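Q:
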Amino acid sequence: MKRIEEQTCYEILEVSPTATADEIQKAYERAKETFRSDSLAIYSLYSEKEIEEIQAAIEKAYRVLMEEALSKSFDRPYPKTPEGRAEEGPSERGGLSWDGAASPSFSDVPVDPEEEPYRGKSLKRIRQRMGIDLRTISAQTKINMKMLEWIEEEAVERLPALVYLKGFLKGYAQCLGLDPQKVIQGYVKFLEESQKK
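The opening residue of the sequence shown carries number 54 in our numbering; numbering runs sequentially from there.
1) Is P170 helix, strand or coil when you go by DSSP?
2) Going by beta-carbon coordinates alone, are P170 and G230 separated by less than 7 Å?
3) What is the rounded straight-line gap between the Cα of A109 and the Cα of D91?
4) Mind reading off the beta-carbon distance from L222 to V236? Whole number of angstroms is fine, and I expect it under 8 Å.
5) Taking its Cβ as the centre, do 16 or more other Cβ atoms sit within 10 Å of L66, making it buried, or is it exposed?
6) At what residues does the alpha helix (DSSP H) containing P233 begin and finish?
7) Within the same chain, show all residues whose beta-carbon is closer than 6 Å to that of I107, passing over the 5 residues directly before and after it, in chain order.
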């Protein structure tokens with residue numbers, strides 16, 4: 054078996070080079086669970102230092118592969134509907150889908166500014182008040198449903214590295230017509246407060 058420093062990111066997370074963001078996320082969670090510091094299964098196999106090195110390699114592999122998978126998903130054209138039109142989704146052309154039709158926007162739905170600070174539960178209330186299904190946000194942003202649920206449920210231990218979380222929060226906020234900066238700042242503040250407890 055290769056040493057951890059000799060393995061590629063794909064080998065570390067045990068995924069193929071064509072793995073989707075969803076598959077990478079699941080592999081990352083599996084690897085994290087397997088190499089927990091308190092795992093009895095690996096305690097006798099690796100030293101504390103080796104476990105730390107493996108955990109660091111898992112985190113790095115996850116960041117690298119997720120970034121790659123997410124950039125691929127934004128470069129990929131959207132699938133066609135039965136009528137031959139491109140499905141709606143985010144684009145670089147200011148709210149237009151690939152066939153030029155306007156994509157749905159929720160930015161004109163009134164939002165209570167007193168709802169701040171933004172955190173998972175308040176974001177969920179805003180979304181529900183707007184009558185927007187989580188699947189709609191997932192379809193528009195290409196963010197995994199589980200990830201959106203974890204953000205809303207404030208499942209801190211399941212959330213990805215902050216750099217990815219900020220990207221997910223930005224997409225979520227834009228989809229609801231909220232100020233992305235305020236949403237990110239509110240959620241990050243909530244995370245910092247929850248870590249102090």
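Where a beta carbon is used, it is the ideal one built from N, C-alpha and C, also for glycine.
Computed from a predicted structure; not experimentally measured.
A: Walking through what the data contain:
1) coil
2) no
3) 16 Å
4) 5 Å
5) buried
6) 233-249
7) I57, F88
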